[in-house]
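What follows is one structure encoded as structure tokens, with my remarks underneath.
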Amino acid sequence: MIRTGAWVLAGLSLVGTATTARAEEGGCSKVTAEALNMPGLTLTGSKLQEAGDGLPRHCILSGKVNERTGLDGHAYAIQFEIRLPESWNGRFLHQVNGGNDGVVLPALGDKADGLVSGGVTPLARGFAVLSSDSGHSGNDPANKPRGLAAGSAFGLDPQARRDYGYAADMTLAPIAKAIIAAHYGKKPDYSYIAGCSNGGRHTMVAAERMPEQYDGFLVGNPGFNLPRAAVQHAWDVQALTKADADIRKSITREDAKLISSKIIEACDGLDGARDGLTANLKACQKTFSFDSLRCVAGSTEACLPSAKVDALKKVFAGPQNSKGEALYSDWPVDGGVGTGNWRAWKVESPVAPWNNLPIIATMGGASLNYIFSTPPVEVEGSPDKLVEKLQSYDFDKDAPKIFAKEGPFTESAMEFMAPPAVDNPTLPAFQGGARKMLIYHGQADPVFSVNDTIRWYEKLNANVAGKADGFARLFALPGETHCGGGVTLEKFDALGALMDWVEKGKAPEAITASVSAANKELPAGWSPQRTRPLCPWPKFAKYTGGDVEQASSFTCATE
Numbered sequence: 276m277i278r279t280g281a282w283v284l285a286g287l288s289l290v291g292t293a294t295t296a297r298a299e300e301g302g303c304s305k306v307t308a309e310a311l312n313m314p315g316l317t318l319t320g321s322k323l324q325e326a327g328d329g330l331p332r333h334c335i336l337s338g339k340v341n342e343r344t345g346l347d348g349h350a351y352a353i354q355f356e357i358r359l360p361e362s363w364n365g366r367f368l369h370q371v372n373g374g375n376d377g378v379v380l381p382a383l384g385d386k387a388d389g390l391v392s393g394g395v396t397p398l399a400r401g402f403a404v405l406s407s408d409s410g411h412s413g414n415d416p417a418n419k420p421r422g423l424a425a426g427s428a429f430g431l432d433p434q435a436r437r438d439y440g441y442a443a444d445m446t447l448a449p450i451a452k453a454i455i456a457a458h459y460g461k462k463p464d465y466s467y468i469a470g471c472s473n474g475g476r477h478t479m480v481a482a483e484r485m486p487e488q489y490d491g492f493l494v495g496n497p498g499f500n501l502p503r504a505a506v507q508h509a510w511d512v513q514a515l516t517k518a519d520a521d522i523r524k525s526i527t528r529e530d531a532k533l534i535s536s537k538i539i540e541a542c543d544g545l546d547g548a549r550d551g552l553t554a555n556l557k558a559c560q561k562t563f564s565f566d567s568l569r570c571v572a573g574s575t576e577a578c579l580p581s582a583k584v585d586a587l588k589k590v591f592a593g594p595q596n597s598k599g600e601a602l603y604s605d606w607p608v609d610g611g612v613g614t615g616n617w618r619a620w621k622v623e624s625p626v627a628p629w630n631n632l633p634i635i636a637t638m639g640g641a642s643l644n645y646i647f648s649t650p651p652v653e654v655e656g657s658p659d660k661l662v663e664k665l666q667s668y669d670f671d672k673d674a675p676k677i678f679a680k681e682g683p684f685t686e687s688a689m690e691f692m693a694p695p696a697v698d699n700p701t702l703p704a705f706q707g708g709a710r711k712m713l714i715y716h717g718q719a720d721p722v723f724s725v726n727d728t729i730r731w732y733e734k735l736n737a738n739v740a741g742k743a744d745g746f747a748r749l750f751a752l753p754g755e756t757h758c759g760g761g762v763t764l765e766k767f768d769a770l771g772a773l774m775d776w777v778e779k780g781k782a783p784e785a786i787t788a789s790v791s792a793a794n795k796e797l798p799a800g801w802s803p804q805r806t807r808p809l810c811p812w813p814k815f816a817k818y819t820g821g822d823v824e825q826a827s828s829f830t831c832a833t834e
């Protein structure tokens, strides 16, 4: 099973606290669209959900807003659900989802296992939680003939693009708060927004476009440069298919294990401990070279042929045009590149209907053309045709389309998808106040480069005279791939740390992480009780002596 998103907490101290309001029996039905008096809003259903499966007794209220017919002739609306726990803690969390959106995921506030919220979902902690489809249906029957491209076909409609990028979130936040106030008789005391991957992008966009709506912003593995990252998908496909025409064979499982082992061999001890983690990310980049994997004359074992080494070097260097100008980002090396999540995205997925082609070729190929190119480019939605389309992508002629505008498409992909000040951030609404942002990003993420996130954070810090850590902190996760999984410690209470920062003024100097029992890729030698401090960038967990399985044996250091 591919784990594309996973969060947890180490402590449950906040669960069940501050039960400040209690909804009346059957309270869902008292909230009506007429009473809310918000233009274009329809409430479509309410259901009282009894407690069970780790969730409290709560009301599920469903609705939609801004129904319309798009320029492509298809029906659109922003559909949503908000879950209202009977015992409410006075807080609101806007759950922003990943991928292409297009479906209203259960409004739990986190994955069901609560990996970044203490092993307990925000809903179970007492939050009122909102979730939406971001203004389009990924299951539109009219798009079924488009095959694997169906979920991206909304890109043919300009407003659907805007809704996906930012407008749906801006529409729904005040609606959700009005529903909460009507249901409980008071507004939220604190409001949060959280998501991973595209959800991390949603959160960073909200920090610039609508910061007044939230107090805390929890950002995971953010695709804040998503159109640029989509160009990387074409770059990867072209690089890897030069190593082998069948991308699924370009890097075999044995190759991946060798690559990972060589990275660990070179970088593991740079944090002071031989523990299977590349915690000192900066030093690792200076220590490891892909050329160390290259077979020399007479050697065929524990090495890779030059074609594969060259492909890896090209992938990790990031996409460029013919002038040598960077089109996205470079990537760091980390021991997590040998894991199943990394492989599923870059090389070979376990999904048989996709012909086991990687996610970058299927979902990535469709979204790059339909959503992120202007004008949108229609592509055939079979797995092989999507790969062929990426193989023919021109980095001089096609890559500029993510910045293009034409006709009814009055906003480029970079304009509707990225934070407005993506290349020169300052976050003015965060400076000097209680509003906070906590970012976490896996070092082995195969979808969005942690180097891109680090550069964004360092630019922010430079722009605010080195004071960014007063309102925003970044945590790089050794070994973690995309939103969970990898050779890593992926259970940590990011939400609790953010709440303490927002509500108590206690900044996170470190967050204790532990291993997840559900992670099947952990080395056999790791203790199931292993813990580590996650450190705010540029610090890393440095070994100071003692039991290597315990967080207390490490401190956050810069060298």
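Counted from 1, the sequence shown has number 714 at position 439 by the working numbering; the numbering is strictly sequential.
Glycine residues also receive a C-beta, built at the ideal position from the N, C-alpha and C atoms.
### Task
State the Cα-Cα distance for the pair Ala785 and Pro811, rounded to the nearest angstrom.
Their Cα atoms are separated by approximately 7 Å.
### Task
Assign Glu309 to one of three DSSP states: helix, strand, or coil.
Residue state for Glu309 is assigned as helix, using DSSP reduced to three classes.
#### Entry: Own chain partners of Thr637 with C-beta closer than 7 Å, once the 5 adjacent residues on each side are dropped
Excluding residues within five positions, the ones whose Cβ falls inside 7 Å are Leu423, Trp629, Pro658, Leu661.
### Query
Any idea what DSSP makes of Met485, helix, strand or coil?
DSSP places Met485 outside both helix and strand once states are collapsed to three, so it counts as coil.
### Query
If you compare alpha carbons, which of Ser409, Ile455, Ser525 is closest to Gly365?
Restricting attention to Ser409, Ile455, Ser525, the CA atom closest to the CA of Gly365 is found in Ile455.
### Query
Helix or strand or just coil, what does DSSP make of Phe492?
If DSSP states are grouped into helix, strand and coil, Phe492 belongs with the strands.
### Task
Starting from Tyr341, follow the beta strand (DSSP E) in both directions and report where the run begins and ends.
Residue 341 is actually Asn in this sequence, not Tyr. Run containing Asn341: 333–344, per the beta strand (DSSP E) assignment.
### Query
What span of residues does the beta strand (DSSP E) with Phe750 cover, start to end?
Annotation: the continuous beta strand (DSSP E) that includes Phe750 extends over 747–752.
### Task
Under the assumption that Glu765 contacts Ser802 (Cβ atoms under 8 Å), give the Cβ distance between them as a whole number of angstroms.
In fact, because the Cβ distance is near 15 Å, the residues do not count as touching under 8 Å.
### Query
If Tyr645 sits next to Gly430, beta carbons under 8 Å apart, how far is it from one beta carbon to the other, in whole angstroms?
About 4 Å separates the beta carbon of Tyr645 from that of Gly430, a gap short enough to meet the 8 Å contact definition.
### Task
From the DSSP output, in three-state form, read off Lys817 for me.
Of the three classes helix, strand and coil, the one that applies to Lys817 here is strand, per DSSP.
### Query
Between the Cα of Phe591 and the Cα atoms of Asp727, Ala799, Ala541, Gly495, which residue gives the shortest distance?
Nearest of Asp727, Ala799, Ala541, Gly495 to Phe591, Cα basis: Asp727.
### Message
Restricting to Cα atoms, I'd like to know which of Ala688, Cys559, Thr396, Leu405 is closest to Ser337.
### Response
It is Leu405 whose Cα lies nearest to the Cα of Ser337.
### Message
Going by DSSP, what residue range makes up the beta strand (DSSP E) through Tyr715?
### Response
Its beta strand (DSSP E) spans residues 711–717.
### Gly430 (DSSP reduced to helix, strand or coil)
Three-state DSSP puts Gly430 in a helix.
### Task
Report yes or no: do the region 387–400 and the region 509–524 share at least 3 C-beta pairs separated by less than 8 Å?
By the Cβ criterion, the region 387–400 is not in contact with the region 509–524, since fewer than three pairs of Cβ atoms, one from each stretch, lie closer than 8 Å.
#### Entry: Whole-Å CB distance - Gly640 paired with Lys664, under 8 Å assumed
A Cβ-Cβ separation of about 6 Å places Gly640 in contact with Lys664 under the 8 Å criterion.
### Query
When you compare each of Thr819, Phe750, Lys452 to Val391 by their alpha carbons, which one comes out closest?
Considering only Thr819, Phe750, Lys452, the residue with the shortest C-alpha distance to Val391 is Phe750.
### Query
Among all the DSSP beta bridges, which residues are the ones paired with Ser407?
BP columns for Ser407 point to Phe355.
### Message
Based on DSSP bridge pairs, tell me the residues matched to Cys370.
### Response
Note that residue 370 is Gln in the sequence shown, not Cys. BP columns for Gln370 point to Ala469.
### Message
Looking at Leu752: is its Cβ nearer than 7 Å to the Cβ of Gly707?
### Response
Going by C-beta atoms, Leu752 is not nearer than 7 Å to Gly707.
### Query
Where does the unbroken beta strand (DSSP E) through Gly320 begin, and where does it stop?
Residue range 316–324 is occupied by the beta strand (DSSP E) that includes Gly320.
### Message
Contact between the region 570–577 and the region 482–499 is defined here as three or more beta-carbon pairs at a separation below 8 Å; is this criterion met?
### Response
The region 570–577 vs the region 482–499: no contact.
### Message
For Pro449, report the span of its beta strand (DSSP E) as first-last.
### Response
Segment 443–459 is the alpha helix (DSSP H) holding Pro449; no beta strand (DSSP E) there.
#### Entry: Residue burial classification, Pro360 (beta-carbon count within 10 angstroms, cutoff 16)
Here Pro360 is buried, its C-beta having at least 16 other C-beta atoms within 10 Å.
### Query
Does the separation of the CB atoms of Leu447 and Phe367 fall below 7 Å?
Between Leu447 and Phe367, the C-beta spacing is not below 7 Å.
### Task
Count the other C-beta atoms from every protein chain shown that fall within 10 angstroms of the C-beta of Ser667, then say buried if there are 16 or more, exposed otherwise.
Result: exposed.
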